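These protein sequences, in sequence, are chains A and B. Just so you know, our numbering puts 443 at position 442 of the first sequence, and the rest follows in order with no gaps. Just so you know, our numbering puts 186 at position 89 of the second sequence, and the rest follows in order with no gaps. Idealized CB from N, CA, C, for every residue including glycine. Computed from a prediction, not measured in an experiment: that's the story for all the values here. Okay, so here's the structure we're looking at.
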Amino acid sequence: MEKHYGIAVSPGIVFARALVMESKDLVVKKVPIDETDIPREIARFEDALTKTRAELLNIRKKIASEIGREHSEIFNAHLLILEDRTLIEEVISRLREEKLNVEYIFSDIIEQYSRAFSQIDDSYLKERTSDVKDIGRRIIGNLMGRKKETLAEIKDQVVVVSHDLSPSETALMNKKYVIGFATDVGGPTSHAAIMARSMEIPAVVGLETISSEVLDGDIVVIDGNNGIVIVNPDEETLSEYKTEEEKFEAFVQRLDQVKELAATTLDGHTIELSANIEFPSDIDSVLLHGAHGIGLYRTEYMYLNKTVFPTEEEQFMAYKTVAERMGNMPVVIRTLDLGGDKFTSSLDMPKEINSFMGWRAIRFCLTRTDVFKTQLRAIMRASVFGNLKVMFPMISNLSELLKAKEILAEVKQDLKNEGIEFNDTIPIGAMIEVPSAAIASDIFAKEADFFSIGSNDLIQYSLAVDRVNEKIAYLYQPTHPAIIRLIKYVIEQGHKCNIMVGMCGEMAANPSHAVLLVGMGIDELSISAAFLPKVKKVIRSIKLSDAQKLVEECLKLTTSEEVSGYLDSKLLPILESIEQ
Amino acid sequence: MPKRSDQTDSESHMVKKIKVENKLGLHARPAALLVQTISRYESDITVTKGTKKVNAKSIMGVMMLAAGPNSILTFELLGPDAEQAWADIEDLFKRNFDE
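So, in structure tokens, the structure goes:
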């Protein structure tokens, strides 16, 4: 039995067989062969190609029917690589010349191709290196007689253990059978963490070496409440965790009792409690957990893993579905936030060394106004079907906000000319996630109908802490005195101009931080659906006046540790009573 | 392998130049489309960019050309259906690979 400690990013406890995702290349041995073995090696190679082809066709079909045809298109290129005569003939002729096992020759050729691809001076084609490697790995896996399970082909419950999880891997996942994640890298806001919360499965990230220490089939416990992963637990531990799991489920069920109730403090102050979503299908869970709206609809997930951008019609249908299903409840649609750690294959977006501070989000949209306008048209057309609001991400100076508003006005004018209906008074919000926007929030408040503080990026930029680098995860401190002051200032400036100020980052999902935010006067908290009941229960257990006093005291403290310690000491009895 | 025809009189040999005009150049999807189209023909077809010459029926080869927007490609076609093949290739480029 081994215990590993990481960062808890999605609550819950599960245990199941591990499915370890290959991140390292298979080890291929170099074995000399006899002249007479050549036909056998060729036959093995052809057999592996046939098997790989069948696998790919299967996956392509699955993805086309489950996720959409556009997502499956990338496999056409993969299939063509399998049929590439030049490649096949090269393998066969080298086999005859060098008299070495076909695995070795084939992997050597793939290596040469990948090297050549990675030297191409074109960022898009450069990324094809991973396609070539991916297909190479599949073929070698089949040559070595290894039945490689893929995420799309899982048939019973597993926990996925991997170095990292890319958006395309999670898109492939058969969500019915994946009940937990454990990864080497990542932090609370990495893609794997966000997906786990959206799927409502426990996850622990930042485990550093877990993917090389766990073997396929090991029994793994994932404790997403405490950030612990246990490999091959003994009987005693396993039964302890079984009890924990049951307790946790009972706890979640009790929390759901507050589903219908408002997030009102004991002294009658109501906070708007909303959920963050990635896909229209997340709404079931949003409604189940008793959200009063959607405070952040991350639209970029529609753009990931695609060879072409979603059309206006596709986007319109998605936004309309969300608007209709939420009825009168507000839905904040955040415009495209590509870049940072989210990229798309439909775009020639160069890889940047410092992508979080690079050409992303609104900066990208203001250059690619064609993409931006398509999205805004879809949002405006959907605006008559519910209570939609639009929000621009990564605003760092006023001219960006004004320019974005100007483009929205142009889109409205176009729709008017075409006689298409839309909500002319749709509220326009600015996401406050860049320190410059927070510090100058008095200026921005005059040009926005609402603010939403994006705590993930605001903390990362203010503290100069890369939030996906697990080595400095300890410096990512939501209770840093600078962060508390900054957030309080933004809320005050918003209120001076009579606009609503919400928060849509992970900070809002932490019950004690939520209390602090309520004390500062936040109007809305938007979090992953799974955290809603707990935060709601905390808000219903406190007084606004007490929370305000708490803020006053916290402002006197000098370090993040002191603030966290103080919050714990004051709130522990309340937090414990919620757990009961 | 394309069959070598013995009836040399029915073979035609063509050398054609064309410019890549779609937005992202011959990246994965257009390259796949081009290779799929060309593979339907019996003729031997090669494509050259600069000094790099590859078999136009090889996806790896075509992608390796890294033919970005505005690059000039030279197609060499040899075989009984060369003319028909060229008409199809030209059409693909004209349609900007349906982007």
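Of all the residues that make up the stretch 84–114 of chain A, which are near chain B by a beta-carbon distance shorter than 9 Å? E84, D85, R86, T87, L88, E90 and Y114
B/I135 and B/K154: beta carbons closer than 7 Å? The residue given as residue 135 of chain B occupies position 38 in the second sequence. The residue given as residue 154 of chain B occupies position 57 in the second sequence. Yes, these two residues count as a Cβ contact at 7 Å.
Determine which residues share a DSSP beta bridge with A/K390 and list them. Position 389 of the first sequence holds residue 390 of chain A. A/K390 is bridged to A/V333.
To the nearest angstrom, how far is it from the Cα of B/V112 to the Cα of A/E313? As a working mapping, residue 112 of chain B is identified with position 15 in the second sequence. As a working mapping, residue 313 of chain A is identified with position 312 in the first sequence. In a straight line, the C-alpha of B/V112 is about 42 Å away from that of A/E313.
Scan the stretch 353–369 of chain A for residues whose Cβ lies nearer than 8 Å to a Cβ of chain B and list them as they occur along the chain. none
Let me know if A/E525 comes out buried or exposed under the rule of 16 or more other beta-carbons within 10 Å of its beta-carbon. In the first sequence, residue 525 of chain A corresponds to position 524, counting from 1. A/E525 should be labelled buried.
So for B/T171, helix, strand or coil by DSSP? Taking the first residue of the second sequence as position 1, residue 171 of chain B is located at position 74. The answer is strand: DSSP assigns B/T171 an E or B state.
Going along the chain, which residues of the stretch 151–163 of chain B sit with their C-beta nearer than 7 Å to a C-beta in chain A? N152, K154, S155, I156, M157, G158, M160, M161 and A163
Chain-ordered neighbours of B/A129 on chain A, where CB pairs are closer than 8 Å: Translated into positions along the second sequence, residue 129 of chain B becomes position 32. Near B/A129 (Cβ distances below 8 Å), the residues of chain A are N77, A78 and L81.
Measuring straight from C-alpha to C-alpha, what distance separates A/L572 and A/S513? Position 571 of the first sequence holds residue 572 of chain A. Position 512 of the first sequence holds residue 513 of chain A. Those two C-alpha atoms are separated by around 7 Å.
To be precise: take each residue of the stretch 108–135 of chain B, compare its Cβ to all Cβ atoms of chain A, and keep it if any distance is under 9 Å. Which residues remain? K120, L121, G122, L123, H124, A125, R126, A128, A129, L130, V132 and Q133
Which chain E residues sit within Cβ distance under 8 Å of A/F118? Chain labels in this structure do not include chain E; the protein chains are A and B.
Partners in chain B for A/R335, counting only beta-carbon separations shorter than 8 Å: Position 334 of the first sequence, counting from 1, holds the residue named residue 335 of chain A. Going along chain B, no residue has its Cβ under 8 Å from A/R335, so there is no contact; the nearest lies around 26 Å.
Between the stretch 50–58 of chain A and the stretch 189–203 of chain A, can you find at least three pairs of beta-carbon atoms closer than 8 Å? no
My parser needs the beta strand (DSSP E) runs of 3 or more residues fully inside the stretch 389–433 of chain A; what are they? 429–433
For A/A9, is the classification buried or exposed, using 16 other Cβ atoms within 10 angstroms of its Cβ as the cut-off for buried? By 1-based counting over the first sequence, the position of residue 9 of chain A is 8. With 16 or more Cβ atoms within 10 Å of its Cβ, A/A9 is classed as buried.
Under 8 Å: do the stretch 432–439 of chain A and the stretch 448–466 of chain A share three or more Cβ pairs, one atom per stretch? yes
Classify A/Q494 as buried or exposed, calling it buried when 16 or more other Cβ atoms lie within 10 Å of its own Cβ. Residue 494 of chain A sits at position 493 when you count from the first residue of the first sequence. Its Cβ being crowded by 16 or more others within 10 Å, A/Q494 is buried.
Closest to A/S453 by C-alpha separation, out of A/V412, A/V309, A/I484 and A/G506, would be which residue? Walking along the first sequence from the start, residue 453 of chain A turns up at place 452. Considering only alpha carbons, the answer is A/G506.
What is the DSSP secondary structure of A/L101, counted as helix, strand or coil? As a position in the first sequence, residue 101 of chain A is number 100, starting the count at 1. Note: A/L101 maps to strand in three-state DSSP.
Taking buried to mean at least 16 other C-beta atoms within 10 Å of its own C-beta, is A/P203 buried or exposed? Counting from one through the first sequence, the residue named residue 203 of chain A turns up at place 202. A/P203 should be labelled buried.
Opening and closing residue of the beta strand (DSSP E) in which A/R299 lies: For the purposes of this step, residue 299 of chain A is taken as the residue at position 298 of the first sequence. From DSSP, the beta strand (DSSP E) with A/R299 extends over I295 to R299.
Take the Cβ of A/D85 as the centre, count every other Cβ of all protein chains shown within 10 Å, and call the residue buried at 16 or more, exposed below. Locating residue 85 of chain A in the first sequence gives position 84, counting from the first residue. With 16 or more other Cβ atoms within 10 Å, it is buried.
Can you give the Cα-Cα distance for B/S109 and B/S140, rounded to whole angstroms? Start at 1 with the first residue of the second sequence, and residue 109 of chain B comes out as number 12. Start at 1 with the first residue of the second sequence, and residue 140 of chain B comes out as number 43. When rounded, the distance between both Cα atoms is 9 Å.
Residue-level contact to chain B via CB, A/R129, 7 Å cutoff: As a first step, residue 129 of chain A is located in the first sequence; it is residue number 128 there, counting from the start. By this cut-off, A/R129 is an interface position.
Taking the Cβ atom as the reference point for each residue, do A/G503 and A/Q549 lie within a distance shorter than 7 Å? Here residue 503 of chain A is taken as the residue at index 502 of the first sequence, counted from 1. Here residue 549 of chain A is taken as the residue at index 548 of the first sequence, counted from 1. Going by C-beta atoms, A/G503 is not nearer than 7 Å to A/Q549.
Which chain B residues are close to A/Q284, counting only those with a beta carbon under 8 Å from its beta carbon? Translated into positions along the first sequence, residue 284 of chain A becomes position 283. Per the sequence presented here, residue 284 of chain A reads as Ile, with Gln not at that position. In chain order: nothing, as chain B lies at least about 32 Å away.
In three-state DSSP terms, what is B/K114? By one-based count along the second sequence, residue 114 of chain B stands at place 17. Looking at B/K114 - three-state DSSP - the assignment turns out to be strand.
When the Cα atoms are used, what is the spatial distance from A/S546 to A/V159? Within the first sequence, numbered from 1, the residue matching residue 546 of chain A stands at position 545. Within the first sequence, numbered from 1, the residue matching residue 159 of chain A stands at position 158. Near 47 Å, if we compare the C-alpha coordinates of A/V159 and A/S546.
State yes or no: is the beta carbon of A/I121 nearer than 7 Å to at least one beta carbon in chain B? For the purposes of this step, residue 121 of chain A is taken as the residue at position 120 of the first sequence. Yes, A/I121 counts as interfacial toward chain B.
For A/M504, write down the residues that DSSP places opposite it in a beta bridge. The residue you call residue 504 of chain A lines up with position 503 of the first sequence. According to DSSP, A/M504 bridges with A/I454 and A/L526.
Where does the unbroken alpha helix (DSSP H) through A/D135 begin, and where does it stop? Taking the first residue of the first sequence as position 1, residue 135 of chain A is located at position 134. T130 to L144 is the span of the alpha helix (DSSP H), which, as asked, contains A/D135.
What residue range is occupied by the uninterrupted alpha helix (DSSP H) comprising A/I484? Taking the first residue of the first sequence as position 1, residue 484 of chain A is located at position 483. Where A/I484 is concerned, the enclosing alpha helix (DSSP H) stretches over P482 to K497.
By a C-beta neighbour count over all protein chains shown, 10 Å radius and 16 as the cutoff for buried, is A/N511 buried or exposed? Along the first sequence, read from residue 1 onward, the residue named residue 511 of chain A stands at position 510. Result: buried.
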